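Engineer:
Residue numbers (my numbering): 115 to 357.
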């Protein structure tokens, strides 16, 4: 496969690593990997049961149904939430880094958000398996800042990855900056620049000094002007900025 995808949950990352280790041919021919972030919040039994994003095992809304299957699904949901809550960011980073090391020809990485609308009608085995267990879809927000914070710091140890796509709402981070020397292509869709945070956006983009291609879609939730004149990309051959 030239393009594979994985959910950024603790169990899905572990299961995907095991799959690749057992099927190394899948990794050899993969050039593009998508890592999808999702967010689930803790719910009480009654709130889970009545949640508008609750689905049955067959994808049918179960409403107020109370039966053994629902009880088991809620127990699996609680276990899933607790595992995610107890996994620190540094452990997620180790899991992601271990996974990325298994792909010798990987050149493109997409960091996206797993939400109801993006995945509707798309068959993703990991996603279908997870929802079949916990019966609850992820929140409809599409913020990917946590996933970026986890994954980007691994890239300076992975010189084969040169293309990064950020697909989901993303505001420039406040964590310490570094220079990503191997990235030559960056796409952000959309970039959320909060009021008075234009300098943070420029600071983030400046971390990619060897860019040859840069494409940015600004979030319609907060239109602003970026002081692009402060950026220096001596190798840049393609630039696209759109609202």
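Yeah, the Cβ is synthetic: ideal placement off N, Cα and C, and Gly gets one too.
Keep in mind it's a predicted model, so treat the numbers as computed, not measured.
#1: Under 9 angstroms between the Cβ atoms of residue 139 and residue 217?
#2: Measuring straight from C-alpha to C-alpha, what distance separates residue 285 and residue 181?
#3: Would the beta-carbon of residue 188 fall within 9 angstroms of that of residue 162?
#4: Given a cut-off of 9 angstroms on the beta-carbon distance, is the pair residue 150 and residue 226 in contact?
#5: By how many angstroms is the C-alpha of residue 325 removed from the C-alpha of residue 305?
#6: I'd like the list of long-range same chain contacts for residue 279, defined as Cβ closer than 6 angstroms, with 5 residues on each side in sequence excluded.
#7: Do residue 275 and residue 214 have their CB atoms nearer than 9 angstroms?
#8: Work out the CA separation of residue 269 and residue 198 for me, nearest whole Å.
#9: For a minimum of 3 consecutive residues, which ranges assigned as the beta strand (DSSP E) are wholly contained in the region 242-285?
#10: Is residue 239 helix, strand or coil by DSSP?
#11: Quick one: Cα of residue 192 to Cα of residue 135, how far?
#12: Based on Cα-Cα distance, which residue from 355, 349, 126, 350 lies nearest to residue 341?
#13: Assign residue 349 to one of two classes, buried (16 or more other C-beta atoms within 10 Å of its C-beta) or exposed (fewer than that).
#14: Could you give the residue range of the beta strand (DSSP E) that holds residue 116?
Structural biologist: The answer reads as follows:
#1: Taking the first residue of the chain shown as 1, we reach residue 139 at position 25. Taking the first residue of the chain shown as 1, we reach residue 217 at position 103. No; because the gap between Cβ atoms is not below 9 angstroms, this pair is not in contact.
#2: As a working mapping, residue 285 is identified with position 171 in the chain shown. As a working mapping, residue 181 is identified with position 67 in the chain shown. Taking the straight line joining both Cα atoms gives about 43 angstroms.
#3: Sequence index remark: in the chain shown, residue 188 carries index 74 (1-based). Sequence index remark: in the chain shown, residue 162 carries index 48 (1-based). Cβ distance < 9 angstroms, so residue 188 and residue 162 count as in contact.
#4: Looking up residue 150 in the chain shown gives position 36. Looking up residue 226 in the chain shown gives position 112. The Cβ-Cβ distance between residue 150 and residue 226 falls below 9 angstroms.
#5: The residue you call residue 305 lines up with position 191 of the chain shown. The residue you call residue 325 lines up with position 211 of the chain shown. Roughly 17 angstroms separates the two Cα atoms.
#6: Looking up residue 279 in the chain shown gives position 165. The residues are 224, 301.
#7: Stepping through the chain shown from its first residue, residue 275 is reached at position 161. Stepping through the chain shown from its first residue, residue 214 is reached at position 100. Taking 9 angstroms as the Cβ cut-off, residue 275 and residue 214 qualify as a contacting pair.
#8: Position 84 of the chain shown, counting from 1, holds the residue named residue 198. Position 155 of the chain shown, counting from 1, holds the residue named residue 269. In this structure, the CA atom of residue 198 is about 23 angstroms from the CA atom of residue 269.
#9: DSSP runs (the beta strand (DSSP E)) wholly in the region 242-285: 277-284.
#10: Position 125 of the chain shown, counted from the first residue, corresponds to residue 239. Helix.
#11: Here residue 192 refers to the residue found at position 78 of the chain shown. Here residue 135 refers to the residue found at position 21 of the chain shown. When the Cα atoms are used, residue 192 and residue 135 turn out to be separated by approximately 29 angstroms.
#12: What you label residue 341 is simply residue 227 of the chain shown in a count that begins at 1. Residue 355 is the option with its Cα nearest to residue 341.
#13: Here residue 349 is taken as the residue at index 235 of the chain shown, counted from 1. With fewer than 16 other Cβ atoms within 10 Å, it is exposed.
#14: The residue given as residue 116 occupies position 2 in the chain shown. Run containing residue 116: none; DSSP gives neither H nor E here.
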